[in-house]
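The structure appears below as structure tokens.
Residue numbers (my numbering): 27 to 169.
What follows is the structure in structure tokens.
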């Protein structure tokens, strides 16, 4: 919603232009961190998984970020890649995300990091934008 119908309100907020303005392209890091924080704040502890890929594993993904909650993986921006067309991807530990991550972990030259969420980058805070997106999400949850 923030990128589709509320972009006018977010336009001047830090982290908007480089990361959410082109959603889903280039938005996996911030969108995933927002979701992980939101889930954690609502009693569902979630983690960020940051990884790199080789063309042998997936020819479309070079680097990507997804959310892990319990035995589930959530990919809010999977449709930025040509091999997936649905809006988002939520799977359990037997799905395609888990399989992809297992393949990544086997390759010592690829990156795989499981970490806590962080909505800030080296130069900008994501707090203002997160609070706005959280308000939108809370409004949808209450409906």
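Beta carbons are placed, not taken as given, at the ideal position from N, Cα and C, and that holds for glycine. These numbers come from a predicted model, not from an experiment.
Assignment of residue 34 by DSSP, reduced to helix, strand and coil, places it in the helix class. Rounded to whole angstroms, the gap between the alpha carbons of residue 64 and residue 160 is 7 Å. Under the 8 Å Cβ criterion, the stretch 151-159 counts as touching the stretch 32-42, having at least three qualifying pairs. Restricting attention to beta strand (DSSP E) runs no shorter than 3 residues, the stretch 97-140 encloses them at 98-101, 115-118, ordered along the chain. Counting C-beta atoms within 10 angstroms of its own C-beta, residue 51 has fewer than 16 neighbours from the protein chains shown and is therefore classed as exposed.
For the 8 Å CB-CB criterion, residue 166 and residue 28 do not form a contact. Residue environment for residue 62: buried (at least 16 other C-beta atoms within 10 angstroms of its C-beta).
The Cβ atoms of residue 58 and residue 102 lie closer than 8 Å to each other. The residue from 32, 147, 140, 126 with its alpha-carbon nearest to that of residue 85 is 126. Under the criterion of beta carbons closer than 8 Å, residue 77 and residue 143 do not qualify as touching, at roughly 16 Å. When only Cα atoms are considered, residue 71 and residue 96 end up about 8 Å apart.
Assignment of residue 66 by DSSP, reduced to helix, strand and coil, places it in the helix class. For the options 98, 34, 113, 60, the alpha carbon positioned closest to that of residue 119 is the one of 98.
Of the residues assessed, residue 135 falls on the exposed side of the cut-off, its CB having fewer than 16 other CB atoms within 10 angstroms.
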